[in-house]
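Below is one structure, written out as structure tokens; comments come after it.
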Amino acid sequence: MSKIIIGIHGLANKPPENILKSWWELSIKEGLHKNLNQNISFDFDMVYWADVLYKNALHNEKAFAFDDLYNNEPYTEAKETQFSEHKDGFWDSIRGGAENLTGGSIDFIHKRLGMDKFTNWAIGKTLKDLAFYYSPTTCIPVDNNTSTTALARTVLQNKLKEKLILHKDHEILLIAHSMGTIISYDVLRDLGQDSQYKNAFQKIEFVTIGSPLGVSHVKTQIKLEREYAGDNRVRTPTIVSQWDNYADPKDIVSVDSHLSDDYEPNKSDVKVKDDIVLNQFSTVDEQTKEVNHNHHKSYGYLRTPEVSKRVRDFLNS
């Protein structure tokens, strides 16, 4: 059975689809090469929705670096010849319970880890994206070639659903980043309850990176939208055969990095497995030469040793 990796980005603006797809694929290949000394070829596809969320894509024209659409965090190959694995420690257990974006736990981490600039941006962005996604009135174009609009959640979910159905005869490794993990979760849950499709897929393995699925508001929404038995807890989508969640300790978007405490196993006893990683993505300001770290960046997650091993295991299974 042929295999395919499908990538899903978040809700922030992105470069054009062909560029973003290439950068995700390069990030995965860089991780496989540097961490495992392997050059494995694989089929890769991407769910891209920035073109229905933004009128113009990000660009890399240095002559227009002053433009708000200038992309100051493009993919570039890292200087590291090998990326570092994370060693579990005390702070990981602390973060496991820090799930409220506006609560005392966040303030505690904020002060202890000194993440002012990144934390302020990430919290504001996450809250804005959650409000956008769960809005009952916000509509966006169905695609970038029509003036027809529909509810934002419906458009985004349909794009992913169509991509999954297109590849239903493949074994799929679905890698979702940031808000893309919430959309993916919703689609996978619904597909697993859809009599037309729940048995149509060969295999779907789910990987979440930098995910806000542990945020209380998200879990509450999931419960409100579906009927649950027993203790009314959220669970692994029925259609998923494996779910691995990766989070960096300094990524405030995935503030509750331990999803296994929140998501019950599905009927096949598939439970989310959590792993803490070190997202070493950084850029250098061309004028000040200051090194800026972004522990939430997708490219950094995709080339961590832990994610590289997960990709290798999928491709070699």
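Take 257 as the starting number for the sequence shown in this note's numbering and just add one per residue. From the three backbone atoms N, C-alpha and C, an ideal C-beta is built for every residue, glycine too.
From which residue to which residue does the alpha helix (DSSP H) around Asp-500 run?
Unbroken run through Asp-500 is the beta strand (DSSP E), 498-503; no alpha helix (DSSP H).
Taking its Cβ as the centre, do 16 or more other Cβ atoms sit within 10 Å of Ser-391, making it buried, or is it exposed?
Exposed, since its Cβ has fewer than 16 Cβ neighbours within 10 Å.
Could you pull the start and end residues of the alpha helix (DSSP H) that Asn-328 belongs to?
Careful: Asn-328 lies outside any alpha helix (DSSP H) and carries neither H nor E.
What does Leu-430 pair with, by DSSP beta-bridge criteria?
Beta-bridge pairing links Leu-430 to Ile-262, Phe-462.
As a quick exercise: from Pro-330, Asn-501, Asn-312, pick the residue whose alpha carbon is nearest that of Ser-278.
It is Pro-330.
Is the region 454-466 touching the region 271-288, taking contact as three or more C-beta pairs under 8 Å?
In short, these stretches do not touch, since the Cβ pair count stays below three.
What number of angstroms, rounded off, separates the C-alpha of Met-302 from the C-alpha of Asn-312?
Taking the straight line from one Cα to the other gives about 19 Å.
Have a look at Thr-539 and Asn-548 and give me their C-alpha separation to the nearest angstrom.
Roughly 5 Å separates the two Cα atoms.
Contact check, Gly-576 vs Asp-518 under 8 Å by CB: the rounded distance?
Outside the modelled stretch of the chain, which goes from 257 to 573, sits residue 576, for which no answer is possible.
Using only CA atoms, which one of Tyr-304, His-423, Asn-400, Ala-319 lies nearest to Ser-258?
Per the Cα distances, His-423.
With distances taken from CA atoms, which of Glu-427, Lys-475, Asp-504, Gly-263 is nearest Phe-300?
Checked all of Glu-427, Lys-475, Asp-504, Gly-263; the closest Cα to Phe-300 is Gly-263.
My guess is that Tyr-557 and Val-533 are in contact by the Cβ rule of under 8 Å, so how many angstroms apart are they, rounded?
Right, their Cβ atoms sit about 7 Å apart.
Could you tell me if Asn-535 is buried or exposed, where buried requires 16 or more neighbouring beta carbons within 10 angstroms of its beta carbon?
Asn-535 should be labelled buried.
Within 10 angstroms of its Cβ, does Ala-321 collect 16 or more other Cβ (buried), or is it exposed?
So Ala-321 counts as exposed.
Quick one: grab the DSSP three-state call for Ser-564.
Of the three classes helix, strand and coil, the one that applies to Ser-564 here is helix, per DSSP.
Along the beta strand (DSSP E) that carries Lys-424, what are the first and last residues, could you check?
Run containing Lys-424: none; DSSP gives neither H nor E here.
Report the start-end ranges of each alpha helix (DSSP H) in the region 269-333 that is 4 residues or longer and not cut off at the edges.
For the region 269-333, whole alpha helix (DSSP H) runs of length 4 or above, ordered along the chain, are 273-292, 306-309.
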